[in-house]
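The structure appears right after this line, and notes come after that.
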Amino acid sequence: FLGAGSAGVGVAKQIVEFFKREGLTEDEARSCFYLVDTKGLVTADRGDKLASHKTYFARTDNNGQQFKTLEEVVDYVKPTMLIGLSTLGGVFTPEIIKKMAEWNQAPIIFPLSNPSANSECDLETAVTHTDGRVLFASGSPFSPVTFTNSAGETKVYHGGQGNNMYVFPGIGLGTILAKAVEVTDSMIYASAEALSKTLTPDEVEQGLLYPDVSRIREVSVVVARHVIRAAQEAKVDRETSISGLSDADLDAWIKARMYNPHGEVAALEREVGALLSSIGRPNRLVNGDDKHAKL
1 FLGAGSAGVG VAKQIVEFFK REGLTEDEAR SCFYLVDTKG LVTADRGDKL
51 ASHKTYFART DNNGQQFKTL EEVVDYVKPT MLIGLSTLGG VFTPEIIKKM
101 AEWNQAPIIF PLSNPSANSE CDLETAVTHT DGRVLFASGS PFSPVTFTNS
151 AGETKVYHGG QGNNMYVFPG IGLGTILAKA VEVTDSMIYA SAEALSKTLT
201 PDEVEQGLLY PDVSRIREVS VVVARHVIRA AQEAKVDRET SISGLSDADL
251 DAWIKARMYN PHGEVAALER EVGALLSSIG RPNRLVNGDD KHAKL
């Protein structure tokens, strides 16, 4: 992790909790993380007074060595993944990215700082210096990149955008429909797991890490279903009538209760049209002759 502020530490702790759910002990999960701040690798014996939120991840296995730059840490750790929450634009340099590609068949690089000017690297840099093997997601969107790798294969690369917009609608919808009395950690984790299962074979073939945003309503149904199931397992749901539904039936039940903005507009037009007719005015709004008709 480059960036050991509250945001970086918060994200790291969430991943630790996920690793624990997958079977690691807390110490095993925590040992996977190396946090880097403005003074270098966060260690317990660095000599400065660490902020309280950093102490959880302070390394104790550095044998007295201190590493002051990101490149020094990368050389020492040889990580499989770089996550940036530093707001330092371009700090994931071509040299660092090339090293990641030397050590990993599919290096994972997530420059999550916003806006794009503060992103630790852009998609083109990541693709170019990993020979197209990078798994990339950023906080800000980047345009697709066309790249020809060393094998002569040309491909269009689409960077994922690591944004909570993919799960928030489904979390809210599932919570409301389940009539949950609280939102549990398990419901949040269920939303993330659901999102990972929504990629189509074509999206996987394209190397996408997130589904196409044009499918957000379809994705939200799947996320909502997993959130409802997690609420049921945690026994915080009050909508007991749906507990026996199959996944297919539950999806249909969710879809029937989703807000439809297009239907809302159509209903409004009918309502205004009826009002215009009741006062003897031409129904130009509904007929489409005048979209700016006024009472």
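Residue numbers for the sequence shown follow UniProt numbering, beginning at 1 and rising by one. Virtual Cβ for every residue (Gly too), placed ideally from N, Cα, C.
Query                                                                                                : Result
Lys291 versus Arg257: straight-line alpha-carbon distance, rounded                                   : At Lys291, the pLDDT of 49 sits below 50, so the modelled position is not reliable; the number obtained from the coordinates is stated separately. Cα to Cα, the separation comes out at about 29 Å.
Under 8 Å between C-beta atoms of Phe110 and Leu123                                                  : no
Assigned exposure category for Gly10 - 16 Cβ within 10 Å defines buried                              : exposed
The segment 170-190 / the segment 147-156 touching (three or more Cβ pairs under 8 Å)                : no
Where the beta strand (DSSP E) through Pro111 begins and ends                                        : 108-111
Sequence-distant residues of its chain with Cβ nearer than 7 Å to Ala224 (five each side left out)   : Gly170, Leu173, Gly174, Leu177, Ile254
Which residues DSSP lists as bridging Asp37, in chain order                                          : Gly40
Beta-carbon proximity check, Ala137 vs Ser186, cutoff 8 Å                                            : no
C-alpha gap between Thr128 and Leu85, whole angstroms                                                : 22 Å
Nearest candidate by alpha-carbon position, reference Lys197, set Glu182, Ser220, Thr184, Ala180     : Ser220
Where the alpha helix (DSSP H) through Tyr76 begins and ends                                         : 70-77
is_contact[Asn114, chain D] using C-beta, thresh 8 Å                                                 : Among the protein chains of the structure shown there is no chain D, as only one such chain exists.
Any 3 or more C-beta pairs closer than 8 Å across the segment 10-23 and the segment 37-52            : no
Simplified DSSP assignment, three categories, for Ser243                                             : coil
Proximity of Gly139 and Ser119 at Cβ, strictly below 8 Å                                             : yes
Residues near Tyr189 in its chain [Cβ-Cβ closer than 7 Å; skip 5 each side]                          : Phe18, Arg21
Per-residue DSSP class, three states only, for Gln206                                                : coil
Which listed residue (Leu112, Ala274, Pro144, Met165) has its alpha carbon closest to that of Val213 : Met165
Among Thr125, Ile242, Ala267, Val227, nearest to Thr184 - alpha-carbon criterion                     : Val227
Buried/exposed call for Ile97, threshold 16 Cβ in 10 Å                                               : buried
Local conformation of Ile171 per DSSP, three classes                                                 : helix
Extent of the continuous alpha helix (DSSP H) run through Gly263                                     : 261-278
Which residues DSSP lists as bridging Ile83, in chain order                                          : Phe110
Ala126 - containing alpha helix (DSSP H), residue span                                               : 123-128
Residues near Gly5 in its chain [Cβ-Cβ closer than 6 Å; skip 5 each side]                            : none
Leu50 versus Gly159 - alpha carbon distance                                                          : 35 Å
Coil, strand or helix - Thr55 by DSSP                                                                : helix
Extent of the continuous beta strand (DSSP E) to which Ala190 belongs                                : Run containing Ala190: none in the beta strand (DSSP E); it sits in the alpha helix (DSSP H), 185-196.
Short Cβ contact (8 Å threshold) for Val236 with Glu182                                              : yes
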